[in-house]
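So the protein lines, in turn, are chains A and B.
By the count of the numbering used here, the first sequence reaches residue 477 at its end, each step adding exactly one.
By the count of the numbering used here, the second sequence reaches residue 1373 at its end, each step adding exactly one.
Note that CB positions come from ideal geometry on N, CA and C, so glycine has one too.
Quantities reported herein were computed from a predicted structural model and do not represent experimental measurements.
What follows is a short report on a single structure.
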Amino acid sequence: MERVNRGSALMWVIVALVVVVGGFSILGGKGGAPSTETGPIKIGVIGPLTGDAAIYGEPFRNTVQLAIDEINATGGIGGRQVEAIYEDGQCNGKEGANAAQKLVNVDKVQAIIGGVCSGETLTVVPIAEKGRVVVVSPSASSPALTGISPYFFRPYPSDASQGNVLANIAYTDKGWKKVAVIQEQVDYAVGLYKVFNQVFSGLGGKTVKEEFSSNVTDFRSVLTKLKAEKPDALFVLTQTAASTQRILKQMEELNWKPQIILDEASAGDKETLTTYKSQLEGALTSEFIPDLSNAKLQKLMSDYKAKYGTELPYLGYMAPAYDIVYILKDGIASVGYNGEKLATWSRTIKDWQGASGSVTISSDGDRVGGYSSEVVHDGKTEPYKK
Amino acid sequence: MEYLIHIAVLVCLYGILGLSLNLVVGETGLISVAHAGFYGIGAYVTALLLVGLGMNFFLAMALGIIASGLVALLISGVISRLRGVYFLFGTIGLNIIAWSIFLNWQSVTRGPLGIPSIPRPGIWGLDLYQNLQFLFLAAASLAIVYFISVFIKKSSFGRVLNSIREDEEATQIFGYATSYYKLAIFTIGAMLAALAGALFATYITYIDPSSFTINESIFIFSTIVLGGLGSSRGAVLGPLLLVFLFEGFRFAGFPSEIAAQMRMLAYGFALVLLMLYRPKGIWGTFRI
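As structure tokens, this is what we get:
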């Protein structure tokens, strides 16, 4: 009995300590508004630093830090250094909300870069809007984010744009009436399918869809089923190039050679295009891939390699991430570090030149244009010509 | 302050989840890791009714709770016959089924896209859009669940549950149809979890399947093990400590390159230490 009492007394002490230390550190961080005139400019960054999506979060963090280091090395913004506060959003709504609450209300940042996924971004935006903090995502592409808040913008096009481009060419130019879709069960692919289907059906076409979850590696039965539908083309809609490669390989085994539509996640993967060169010849695709001859992008790629020792992955996501830091720099230099003013300013961004090309933000916060249609020829993508 | 209010709301939500799971695990000795499934059913049903039909929040929440209860009732008809580790596996399966349905029934749940823009509840003309007011709603719900939990524990029904935990066969010999008791408490636990789900959906205003995975069930489970199984106080204290611990690591001053990873590592390490030195949890009366 006495042991139990002693144990619970000890536990009480631990509880009290955790509460006091926790409370103190949380309130302590809050105490005294950070100096807004002279201290470093603190920018919040939310991304999937741990968990399944950390493969995007890690290069994202590196890219943002690279841009910030460059800015600080050349005198910061108006003489003030820039400091990023990284929080883990895990591509999950709840974690995104936790991170946003901390950045907005404790660190009192005026701008948040992130989230990387649409799931975390959707919960960050309402919290930021309430705290009058501007949010810029480099890669959240869900159509649900279009026009969600005056405090949100993205130098990345909505999936709606990609679906639209593909559906129009498939129906109007190619004359395909029935398209089979093999789709991975992830938000990116679902969102893209919805837009594609909507536009394609609207034009008078028909889609037949089979889904697979991300851990599936055997597609033979699904492919056989789709082949039996005798579609005019097959839309391979995956988030990872590895799945696309398996699908293509198994199609070859089944001796099925339809016309192919690829999404940008696979079209952006050089290995897929070269390995399956003959199968993919003439495949229709659409990419948001920054122009590789762009000098700013080339500099980003070589600086990234020099600093981190690996190639810059996911150019379509990382080039906008890099640009965001510089866009914010320009915004802060012209209207000051204030979320409300930055939000208004963001809608005036027009033909801003960065590593991802020319950035124009429309009134609903989306990047204007972005996706261009392409065809695969000899293991490479080239611009689509009618 | 807003941030503390946010954490307090999370503590209330996990407190409700902890209390409801404690009824199943701590009081009855059924090791269940399906709690996030029922939490998710409550969240999804409430969110869909609010977004799709513009229903009153309390009505939507009540229907969410009933839906979760019905599902639990149907399923526990099967799994309440299972014992020990077999019951555990049954509940793992349950959580995975629930999660797969959230993910795959796209015409209803929108699958991985989730449900955005879930409205916050309004009550008697009072808009609960402010987090502070929402905290009152969450705290009141926690208090109600706490009293339900204490009431069940003190009732004769609760004593039968405890005796099932200690020795199910002996309880059966005394003439109790233990599988009915197990079925009843499993259903009650699921309904209370759905209450937390309804609050979560309207508080965060966006839900997707990633919030209701088996990992979430394990997190809820670990909160009550920390607080102490079989203790209502413990089932609130555990979530409080874990949420604070988890958020507190944001301020631990790890270098920014590894801060997020260190946070997960420290959290895991704390759980291992707990199991080594205090397997009964803080106020536990029962050890698995």
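Rounded separation between residue i and residue j - CA only
{"i": "A/H468", "j": "A/S449", "result": "26 Å"}
{"i": "B/W1368", "j": "A/G142", "result": "32 Å"}
{"i": "A/Q444", "j": "B/F1354", "result": "47 Å"}
{"i": "B/F1339", "j": "A/D382", "result": "38 Å"}
{"i": "B/Y1088", "j": "B/Y1171", "result": "41 Å"}
{"i": "A/N255", "j": "A/G266", "result": "15 Å"}
{"i": "A/F287", "j": "A/D360", "result": "22 Å"}
{"i": "B/V1328", "j": "A/T129", "result": "35 Å"}
{"i": "A/S334", "j": "B/F1371", "result": "47 Å"}
{"i": "B/V1118", "j": "B/N1141", "result": "31 Å"}
{"i": "B/R1168", "j": "B/L1222", "result": "37 Å"}
{"i": "A/E465", "j": "A/Y475", "result": "4 Å"}
{"i": "A/K477", "j": "A/L406", "result": "27 Å"}
{"i": "A/R171", "j": "B/L1358", "result": "44 Å"}
{"i": "B/K1365", "j": "B/A1275", "result": "24 Å"}
{"i": "B/A1152", "j": "B/A1278", "result": "12 Å"}
{"i": "B/R1348", "j": "B/R1335", "result": "7 Å"}
{"i": "A/Q341", "j": "A/I352", "result": "16 Å"}
{"i": "A/E372", "j": "A/K185", "result": "43 Å"}
{"i": "A/Y395", "j": "A/G282", "result": "31 Å"}
{"i": "B/D1293", "j": "B/F1187", "result": "8 Å"}
{"i": "B/P1206", "j": "B/I1289", "result": "12 Å"}
{"i": "B/R1244", "j": "B/F1259", "result": "13 Å"}
{"i": "B/Q1218", "j": "A/N189", "result": "18 Å"}
Three-way DSSP call (helix, strand, coil) for residue i in this model
{"i": "A/Q192", "result": "helix"}
{"i": "A/T263", "result": "helix"}
{"i": "A/E515", "result": "The requested residue 515 of chain A is not part of the displayed model; chain A covers only 92 to 477."}
{"i": "A/Q419", "result": "The residue asked about is misnamed: residue 419 of chain A is Leu in this sequence, not Gln. In the structure shown, A/L419 sits in a helix (DSSP, three-state: H, G or I)."}
{"i": "A/K268", "result": "coil"}
{"i": "B/L1173", "result": "helix"}
{"i": "B/L1330", "result": "helix"}
{"i": "A/A324", "result": "strand"}
{"i": "A/K300", "result": "strand"}
{"i": "A/F379", "result": "coil"}
{"i": "A/F243", "result": "strand"}
{"i": "B/I1200", "result": "strand"}
{"i": "A/L353", "result": "strand"}
{"i": "A/G448", "result": "strand"}
{"i": "B/R1166", "result": "coil"}
{"i": "B/E1254", "result": "helix"}
{"i": "A/E372", "result": "coil"}
{"i": "A/E431", "result": "helix"}
{"i": "A/T472", "result": "strand"}
{"i": "B/R1363", "result": "coil"}
{"i": "A/I273", "result": "strand"}
Close Cβ partners of residue i (< 7 Å) along its chain, the five nearest in sequence each way excluded
{"i": "A/G427", "result": "none"}
{"i": "B/K1238", "result": "E1112 and S1317"}
{"i": "B/V1096", "result": "P1324, L1325 and V1328"}
{"i": "B/L1148", "result": "V1130 and L1134"}
{"i": "B/L1246", "result": "E1112, T1113, Y1266 and I1270"}
{"i": "A/V313", "result": "I273, E301 and F303"}
{"i": "B/I1177", "result": "V1118 and I1299"}
Residues near residue i by beta carbon distance below 6 Å, same chain, minus five either side
{"i": "A/S252", "result": "G461 and Y462"}
{"i": "A/G135", "result": "I176, L194, V200 and I203"}
{"i": "A/N153", "result": "Y399"}
{"i": "B/I1305", "result": "L1102, L1106 and H1120"}
{"i": "B/E1253", "result": "T1263"}
{"i": "A/K368", "result": "G470"}
{"i": "A/K318", "result": "W347"}
Proximal residues of chain E, C-beta to C-beta of residue i below 7 Å
{"i": "A/S230", "result": "You won't find chain E in this structure, because its protein chains are A and B."}
Whether residue i touches residue j by CB criterion (9 Å)
{"i": "A/V272", "j": "A/D323", "result": "no"}
{"i": "B/I1273", "j": "B/L1115", "result": "no"}
{"i": "B/I1356", "j": "B/L1311", "result": "A quick correction: the sequence has Leu, not Ile, at residue 1356 of chain B. In this structure, B/L1311 lies closer than 9 Å to B/L1356 by Cβ."}
{"i": "A/I415", "j": "A/V155", "result": "yes"}
{"i": "B/I1126", "j": "B/V1156", "result": "yes"}
{"i": "A/P248", "j": "A/R458", "result": "yes"}
{"i": "B/Y1124", "j": "B/F1285", "result": "yes"}
{"i": "A/L501", "j": "A/Q181", "result": "Only positions 92 to 477 of chain A appear in this structure, which leaves residue 501 of chain A out of reach."}
{"i": "A/G187", "j": "A/G222", "result": "no"}
8 Å Cβ shell around residue i - same chain, five flanking residues per side excluded
{"i": "B/L1133", "result": "V1193, T1194 and I1200"}
{"i": "B/A1224", "result": "A1093 and C1097"}
{"i": "A/T451", "result": "I440, K441, D442, W443, R458, V459 and G460"}
(request) Only counting runs of 3 or more residues, tell me where the beta strand (DSSP E) segments fall wholly within the region 127–214 of chain A, in order along the chain. (result) For the beta strand (DSSP E) assignment, the uninterrupted runs of no fewer than 3 residues enclosed by the region 127–214 of chain A are, from N- to C-terminal side, 132–138, 173–179 and 202–205.
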